[in-house]
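Protein chains in written order, with this note's numbering: chain A, 506 to 595; chain B, 506 to 595; chain C, 506 to 595; chain D, 506 to 595; chain E, 506 to 595.
Spelled out as structure tokens, the structure:
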């Protein structure tokens with residue numbers, strides 16, 4: 506799973522019927538210094554993450570396990586990070 | 506899901522039988538400045554996106570959830586973006 | 506789906522039993538200028554693409570939908586491109 | 506599967522219900538010189554890997570085969586490396 | 506599928522129970538000049554590839570079709586390359 510920062514929201518009135526009612530967030534992956542890397546992308550969110558929070562994002566088919574198996578989504582917020590403990594010595 | 510710009514169309518007369526009647530769009534991913542990044546690719550479209558529009562594209566097996574589970578597609582337009590609200594402060 | 510050029514063929518006598526009789530092509534992804542990008546890779550082909558042709562390649566689990574669900578393949582040629590119409594203004 | 510080094514832990518109180526009780530590790534991929542490459546990411550661990558150890562990480566839908574098919578995870582530690590024997594001559 | 510060179514072996518005594526008895530190889534992807542690109546990774550091998558050989562590697566969920574659907578593997582050797590015929594003119 507990727508470590509991402511929530512950057513904002515995206516709205517799409519015209520969309521797949523099955524996606525109606527889903528909340529979409531714009532997120533960007535971060536590196537070990539919490540610097541943003543790569544372009545922003547869209548993840549579905551069912552746990553209430555807010556802008557600025559660090560989150561765990563699951564990609565690919567497993568994103569459907571965090572929403573509904575029938576949804577055409579390939580990224581989902583699955584956790585809001587409280588803290589990280591990373592060894593910088595190795 | 507990736508944020509992409511619709512760039513054009515592609516035609517292929519000789520194709521997998523199951524893909525007949527499907528509409529294919531050429532799209533390119535964009536970054537936070539809406540600059541295009543990476544090479545263009547092809548996504549199936551069932552919601553009527555037009556050239557120049559910003560769209561949400563689902564990749565991988567989940568693209569089949571936006572068309573038909575039996576289709577050999579790995580990217581699908583699932584939403585046409587009305588607006589985005591991105592926090593640039595963090 | 507990726508836009509690729511067919512570059513050649515690859516032969517493997519010793520292979521997974523289920524792949525016997527499958528035709529493998531070497532393909533390389535192209536960018537908006539039709540320049541090749543990235544290393545060549547192997548795609549299964551059931552529609553008769555030839556060397557030099559531009560093709561649409563589906564990757565991942567969806568490649569099995571273009572061949573047989575039980576085959577260990579992760580890329581398949583699903584269309585031979587007749588023409589592309591790309592907007593360069595945006 | 507990727508060869509990674511375990512870098513630390515991540516905690517998320519608010520998360521998908523199905524992920525409760527799962528152990529998450531922060532890992533970073535390494536190259537042939539065991540230098541870390543790319544940003545850290547999160548993998549679920551059911552075999553007890555510790556910080557500093559080299560591990561084999563399976564990504565994508567197959568990560569669910571190392572935990573539970575219903576979990577929204579896309580990376581899992583599947584082995585702790587004892588030794589590697591790599592030919593540097595070719 | 507990727508074209509890779511077999512670089513060596515990796516041993517992991519502590520691993521997912523279902524992976525016991527599987528043979529793991531370290532492989533590296535090659536480009537059109539057969540130069541190695543990218544970091545080495547691990548693929549399961551059921552067809553007896555040896556160090557130095559060029560092989561075809563299937564990634565993602567399809568790798569399970571070359572071993573066992575229940576295994577947590579995301580890369581598998583599916584063919585040992587006898588020869589390649591690549592057009593360099595285009």
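Just so you know, even glycine gets a beta-carbon here, dropped at the ideal spot from N, CA and C.
Inter-residue distance for residue 512/A and residue 560/E is about 42 Å (C-alpha atoms, whole angstroms). In this structure, residue 577/A lies near residue 571/B, with their beta-carbon atoms less than 7 Å apart. Its chain contains 533 as the residues whose beta carbon lies nearer than 8 Å to that of residue 544/B, once the 5 sequence neighbours on both sides are disregarded; these appear in chain order. With a 10 Å radius around the Cβ and a threshold of 16 neighbouring Cβ atoms, residue 528/E comes out exposed. For the 7 Å CB-CB criterion, residue 552/A and residue 517/D do not form a contact.
By the rule that beta-carbons nearer than 7 Å mark a contact, residue 532/B does not touch chain C. Pairing residue 565/A with residue 565/D gives a Cβ-Cβ distance under 7 Å. Judged by DSSP secondary structure, residue 588/A falls within the beta strand (DSSP E) whose first and last residues are 588-591.
Residue 512/E has a beta carbon lying at 7 Å or more from every beta carbon in chain C. Using beta-carbon distances, residue 566/D counts as an interface residue toward chain A, with a partner under 7 Å. For residue 522/B, not one C-beta of chain C is nearer than 7 Å to its own C-beta. Taken atom to atom, the span from the alpha-carbon of residue 508/E to that of residue 521/B is near 25 Å. In the DSSP secondary-structure assignment, residue 535/A is bridged to 541/A. Boundaries of the beta strand (DSSP E) around residue 507/E: 507-516. The beta carbon of residue 580/E sits closer than 7 Å to some beta carbon of chain D. In the three-state scheme derived from DSSP, where H, G and I count as helix and E and B as strand, residue 564/D is classed as strand. Looking at the DSSP output, residue 559/D sits in a beta bridge with 510/D. Here residue 567/D is buried: its Cβ has 16 or more other Cβ atoms, across all protein chains shown, within 10 Å. For residue 554/E, the three-state secondary structure derived from DSSP is coil. Those residues of the segment 546-576 of chain C placed with their C-beta closer than 9 Å to a C-beta in chain E are 546, 547, 548, 549, 556, 557, 564, 565, 566, 568, 569, 574, 575, 576, ordered along the chain. Going by beta carbons, residue 510/A and residue 535/A fall inside the 7 Å limit. With distances taken between CA atoms, residue 592/C lies nearest to 530/B out of 530/B, 563/B, 562/B, 569/B. Distance between residue 562/C and residue 575/C, taken at the CA atoms: about 19 Å.
Taking 7 Å as the cut-off, the Cβ atoms of residue 506/D and residue 579/E count as close. Residue contact with chain D for residue 541/A: absent (no Cβ-Cβ distance below 7 Å to any residue of chain D).
Residue 582/C and residue 524/B do not touch by the CB rule: their CB atoms are close to 12 Å apart, not below 8 Å. Scanning its chain for C-beta atoms nearer than 8 Å, with the 5 sequence neighbours on each side dropped, one finds around residue 539/D the residues 510, 559, in chain order. The continuous beta strand (DSSP E) containing residue 582/B extends over residues 580-585. At least one CB atom of chain A sits nearer than 7 Å to the CB of residue 515/D. By the neighbour-count criterion, in which 16 or more other beta carbons inside 10 Å mark a residue as buried, residue 573/B falls on the exposed side. Secondary-structure assignment with DSSP links residue 519/E through a beta bridge to 585/D. Neighbours of residue 507/B across chain A, judged by C-beta separation under 7 Å: 546. By the neighbour-count criterion, in which 16 or more other beta carbons inside 10 Å mark a residue as buried, residue 587/D falls on the exposed side.
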